[in-house]
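A.B. asks: Structure in structure tokens, see below.
Residue numbers (my numbering): 62 to 372.
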């Protein structure tokens with residue numbers, strides 16, 4: 062697999078879906094068509110818009126789904142519905158997923174897919190565009206924030222990773238061993254294509270892309286939130302703690318550019334994120350997307366498992 066490179070996206074096939082929503086097929090810098098959906102804030106006037114209506118009035122949240130997800134998956138639609146109560150929302154299907162073209166590179170060139178979605182949100186007039194990714198999408202969001210800091214069209218103003226791995230090739234849990242079999246074996250890729258509706262590229266990474274934990278130190282001063290459940294069956298808690306440590310986050314300090322939320326009882330990614338958590342994430346994104354001076358939302362509880370680490 063080749064490492065993602067920067068470049069402009071090209072938009073085509075725009076059409077209106079009613080109620081201000083739009084569907085389009087974006088085209089990434091490497092020419093892959095990406096199905097995408099834009100939904101305006103359902104509050105009518107965006108919560109952070111200062112009373113201005115329409116796309117240019119506030120924040121847009123771009124959602125990056127997990128491996129085998131797509132723009133039409135119920136969990137992704139639920140995330141979009143909750144986020145739209147606070148801001149406009151862009152959802153899309155990564156390459157090799159849903160109605161998008163190409164084949165999945167399992168987090169490498171998917172950075173270009175997210176960049177195209179961010180560019181589209183900005184082209185619709187949003188001054189602030191923030192990103193949130195789940196699992197594989199979380200690793201993509203971290204790498205995108207690190208690799209597109211200097212590009213005004215594809216940069217993110219704040220980033221959230223949920224249930225993301227810290228390092229590549231992790232096989233320490235049974236679900237991850239199964240996933241590696243699906244990705245690396247011909248029979249597994251057939252199951253991925255016909256059973257999981259995910260078309261996976263057969264080539265190995267060459268070169269190996271920047272890992273999430275290597276990307277995190279490059280994100281500052283962009284605000285970063287790492288969210289992870291303490292019952293995640295894919296990635297244990299050393300993964301979010303590694304990410305937080307790489308960002309300089311430490312437990313017990315006030316809000317800063319990087320924060321860690323460890324969620325008691327939560328499993329993995331968008332399927333496990335309840336609406337209360339999604340509302341808190343949306344509030345954090347719309348506040349922190351204003352810049353480092355923003356204020357993070359209060360969180361319930363205060364036990365060690367719920368502690369927020371900040372830098």
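The C-beta atom is built at its ideal place from N, Cα and C for all residues, glycine as well.
Return the CA-CA distance between residue 203 and residue 276, expressed in angstroms with no decimal places.
C.D. replies: 6 angstroms
A.B. asks: Kindly indicate the opening and closing residues of the beta strand (DSSP E) around residue 86.
C.D. replies: 82 to 88
A.B. asks: With a CB to CB cut of under 7 angstroms and the five nearest residues on each side skipped, what residues in its chain are close to residue 329?
C.D. replies: 196, 224, 290, 293, 294, 295
A.B. asks: In angstroms with no decimal places, state the Cα-to-Cα distance between residue 173 and residue 90.
C.D. replies: 7 angstroms
A.B. asks: How far does the beta strand (DSSP E) with residue 153 in it extend, from its first residue to its last?
C.D. replies: Per DSSP, the unbroken beta strand (DSSP E) holding residue 153 starts and ends at 149 to 153.
A.B. asks: Excluding five sequence neighbours on each side, which residues of the same chain lie with their C-beta closer than 8 angstroms to the C-beta of residue 137?
C.D. replies: 124, 126, 130, 131, 152, 331
A.B. asks: Would you kindly check if the distance between the Cβ of residue 307 and the Cβ of residue 321 is under 9 angstroms?
C.D. replies: no
A.B. asks: Got a sec, what are the start and stop residues for the alpha helix (DSSP H) residue 344 sits in?
C.D. replies: 336 to 349
A.B. asks: Pick helix, strand or coil for residue 209, following the three-state DSSP scheme.
C.D. replies: coil
A.B. asks: Mind checking who residue 189 pairs with in its DSSP beta bridge?
C.D. replies: 120
A.B. asks: Mind reading off the beta-carbon distance from residue 347 to residue 103? Whole number of angstroms is fine, and I expect it under 8 angstroms.
C.D. replies: Their Cβ separation, rounded to whole angstroms, is 14 angstroms, which puts residue 347 and residue 103 out of contact at 8 angstroms.
A.B. asks: Classify residue 177 as helix, strand or coil using the three-state DSSP reduction.
C.D. replies: helix
A.B. asks: Using 9 angstroms as the threshold, is the C-beta distance between residue 143 and residue 340 below it?
C.D. replies: yes
A.B. asks: Which class does residue 234 belong to by DSSP, given the choice of helix, strand or coil?
C.D. replies: coil
A.B. asks: Can you tell me whether DSSP reads residue 295 as helix, strand or coil?
C.D. replies: coil
A.B. asks: Taking buried to mean at least 16 other C-beta atoms within 10 Å of its own C-beta, is residue 175 buried or exposed?
C.D. replies: buried
A.B. asks: Is the stretch 231 to 240 close to the stretch 186 to 193, with three or more CB pairs under 8 angstroms?
C.D. replies: Segments in contact, no.
A.B. asks: Spatial neighbours of residue 145 within its chain, please: C-beta separation below 7 angstroms, excluding the five flanking residues on both sides.
C.D. replies: Counting only Cβ-Cβ distances below 7 angstroms, and skipping sequence neighbours, we find 100, 102, 103.
A.B. asks: Could you check how far apart the C-beta atoms of residue 95 and residue 177 are, in whole angstroms? I think they sit under 8 angstroms.
C.D. replies: 6 angstroms
A.B. asks: DSSP three-state call for residue 261: helix, strand or coil?
C.D. replies: strand
A.B. asks: Buried or exposed for residue 248, going by 16 or more other Cβ atoms inside 10 Å?
C.D. replies: It is exposed - the Cβ of residue 248 has fewer than 16 other Cβ atoms within 10 Å.
A.B. asks: Can you tell me the Cα-Cα spacing of residue 261 and residue 93, whole angstroms?
C.D. replies: 14 angstroms
A.B. asks: Give every residue of the same chain whose Cβ lies closer than 7 angstroms to the Cβ of residue 168, excluding the five residues on either side of it in the sequence, and list them in chain order.
C.D. replies: 197, 200, 201
A.B. asks: Going by DSSP, name the residue or residues bridged to residue 125.
C.D. replies: Answer by DSSP bridge pairing, in chain order: 194.
A.B. asks: Under three-state DSSP, which class holds residue 161?
C.D. replies: coil
A.B. asks: Please report the distance separating the alpha-carbon of residue 227 from that of residue 83.
C.D. replies: 34 angstroms
A.B. asks: Using only CA atoms, which one of 279, 85, 239, 283 lies nearest to residue 154?
C.D. replies: Among 279, 85, 239, 283, the Cα nearest to that of residue 154 is on 85.
A.B. asks: Got a sec? Which residues, its chain only, sit under 6 angstroms from residue 286 by beta carbon, not counting five neighbours each side?
C.D. replies: Excluding positions up to five away in sequence, the list reads 221, 320, 345.
A.B. asks: Around the Cβ of residue 283, are there at least 16 other Cβ atoms within 10 angstroms (buried) or fewer (exposed)?
C.D. replies: buried
A.B. asks: Check the C-beta distance from residue 259 over to residue 187 and give it rounded, since I have them as a contact under 8 angstroms.
C.D. replies: Residue 259 to residue 187, Cβ: 30 angstroms. No contact.
A.B. asks: Between which two residues does the beta strand (DSSP E) containing residue 94 stretch?
C.D. replies: 94 to 100
A.B. asks: Tell me the DSSP bridge mates of residue 221?
C.D. replies: 193, 286
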